[in-house]
Amino acid sequence: MTVNRVDEGTPSESGTWVPEPGSFTDKFLGLKTEGEAAKLTPEQMDRVVTEAGEILGHCRNPAEGPGDTAVLVVGYVQSGKTLSFTSVAALARDNGFGIVVVLAGTTKNLKKQSEDRLDLDLGLTELQSAWTRK
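Put into structure tokens, the structure is as follows:
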């Protein structure tokens, strides 16, 4: 496998495709923008989902069948990585990806913090039939 740096706005090697938000992304959007726990405006969350779609769009479209393209997202401390990879994971689930791998935390505490956020934000504890965690 070849590793290529993909900068913002660079077209996907596997072609252009736009992931479509579905029920998992919609639930995640609602959690982040509605009610007392809302932390972002709908406009801010729309931008996050648009950027997540651009990231996921660099992956091979699962409707095209198997391929050997993988995407790694890296970010600075406190740069919104958890929000970003959670949005990408929700979009991936909505668009037929069979697996999302998250490498998080350099300590057990940081790993647990990311795992707890994923559980809460994606409803992993409630939707075991739709998500499997190993």
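Quick note, the sequence shown lines up with residues 249 to 382 if you use my numbering. Backbone N, C-alpha and C fix where the C-beta goes; we use that ideal spot for every residue, glycine too.
Query - Start-to-end residues for the alpha helix (DSSP H) that takes in SER332 - result: As a working note, residue 332 is residue 84 in the sequence shown. Element bounds for SER332: 329 to 342.
Report task. Express the C-alpha separation of THR355 and ARG295 in angstroms, rounding to a whole number. Result -> Taking the sequence shown and counting its residues from 1, one reaches residue 295 at position 47. Taking the sequence shown and counting its residues from 1, one reaches residue 355 at position 107. Each residue's Cα considered, the two are about 30 Å apart.
Query raised in the report: Anyone know if the C-beta pair for ASP342 and PHE272 falls short of 9 Å?
Result: Position 94 of the sequence shown, counting from 1, holds the residue named residue 342. Position 24 of the sequence shown, counting from 1, holds the residue named residue 272. Between ASP342 and PHE272, the C-beta gap is smaller than 9 Å, which places the two residues in contact.
Query raised in the report: Can ASP274 be considered in contact with the ligand COA, in the sense that its beta carbon sits closer than 8 Å to one or more heavy atoms?
Result: The ligand COA is not among the ligands present in this structure, which contains no ligands whatsoever.
Query raised in the report: Which whole-angstrom value describes the C-beta separation of THR281 and THR289, a residue pair presumed to lie in contact below a C-beta threshold of 8 Å?
Result: One-based indexing of the sequence shown puts residue 281 at position 33. One-based indexing of the sequence shown puts residue 289 at position 41. With 8 Å as the limit, THR281 and THR289 qualify as a contact, their Cβ atoms being about 7 Å apart.
Query raised in the report: Which class does GLU312 belong to by DSSP, given the choice of helix, strand or coil?
Result: In the sequence shown, residue 312 corresponds to position 64, counting from 1. Here GLU312 sits in helix by DSSP.
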